[in-house]
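Residue 91 in UniProt numbering sits at position 91 of the sequence shown, with consecutive numbering throughout.
All C-beta atoms in this analysis are idealised placements derived from N, C-alpha and C, irrespective of residue type, glycine included.
This structure is a prediction, so every number in the text was calculated from the model and none was measured.
Notes follow the structure.
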Amino acid sequence: MGTKESLLELERQLWNADEEFYRDTLSEDAVMVFPEPTGILERSAVLEALGGADRWRCIEFDDERLVEVDDTVVQLVYRAVAERSGDGSEYTAFITTTYVQADGSWRLSSHQQTPIDE
């Protein structure tokens, strides 16, 4: 499996992963940027927020791209359409996730969601 396919699989898992998975995947200085009211979260706040988060029933990616910044930094860019488990509401967004390679594994360094009104 190539880098793009591996990171897309990792990204799909993150949409419904538990705290332990995030703890293993996030870099120590990770930051995630969500639409309001969530806003900007550092690693510790992301881990704390996972306990009460409504998860996703269905997630689809398209227009996936991998931007290789250098040998140890890549950006995964895609469009996501997801459906909430609780109320079934749909969410569509452009996503950018930056991964850095450390100790032989890819670690999520930053993640940003830009909602799309459809």
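Per DSSP, Y91 forms a beta bridge with which residues? Indexing the sequence shown from 1 puts residue 91 at position 91. The partner list for Y91 (beta bridge, DSSP) reads A82.
Report the CB separation of G51 from E19 in whole angstroms; it is logged as a contact under 8 angstroms. Residue 51 sits at position 51 when you count from the first residue of the sequence shown. Residue 19 sits at position 19 when you count from the first residue of the sequence shown. Rounded, the Cβ-Cβ distance is 7 angstroms, consistent with contact.
Name the one or two DSSP bridge partners that E60 has. Taking the sequence shown and counting its residues from 1, one reaches residue 60 at position 60. For E60, which the question treats as bridged, DSSP gives the partners V81.
Nearest by alpha-carbon distance to V73: which of S110, D24, R23 is it? Taking the sequence shown and counting its residues from 1, the one referred to as residue 73 is at position 73. That would be S110, whose Cα lies nearest to the Cα of V73.
What does the alpha-carbon distance come out to for the pair Y78 and T114? For the purposes of this step, residue 78 is taken as the residue at position 78 of the sequence shown. For the purposes of this step, residue 114 is taken as the residue at position 114 of the sequence shown. As the crow flies, the alpha-carbon of Y78 is around 11 angstroms from that of T114.
Contact check, V67 vs Q75 under 8 angstroms by CB: the rounded distance? Taking the sequence shown and counting its residues from 1, one reaches residue 67 at position 67. Taking the sequence shown and counting its residues from 1, one reaches residue 75 at position 75. The Cβ separation is near 4 angstroms, so the contact holds.
Could you check whether E83 and W106 sit closer than 8 angstroms to each other, using their CB atoms as the reference points? As a first step, residue 106 is located in the sequence shown; it is residue number 106 there, counting from the start. As a first step, residue 83 is located in the sequence shown; it is residue number 83 there, counting from the start. In this structure, E83 does not lie closer than 8 angstroms to W106 by Cβ.
Spatial neighbours of L41 within its chain, please: CB distance less than 6 angstroms, with the 5 preceding and 5 following residues excluded, ordered by chain position. Counting from 1 along the sequence shown, the entry for residue 41 is found at position 41. Closer than 6 angstroms at Cβ, skipping near neighbours: M32.
Do you know how far the Cα of K4 is from the Cα of D54? Along the sequence shown, read from residue 1 onward, the residue named residue 54 stands at position 54. Along the sequence shown, read from residue 1 onward, the residue named residue 4 stands at position 4. Using only the alpha carbons, I get a separation of about 27 angstroms.
Express the C-alpha separation of V100 and R23 in angstroms, rounding to a whole number. For the purposes of this step, residue 23 is taken as residue 23 along the sequence shown, with counting starting at 1. For the purposes of this step, residue 100 is taken as residue 100 along the sequence shown, with counting starting at 1. So the alpha carbons of these two residues sit roughly 15 angstroms apart.
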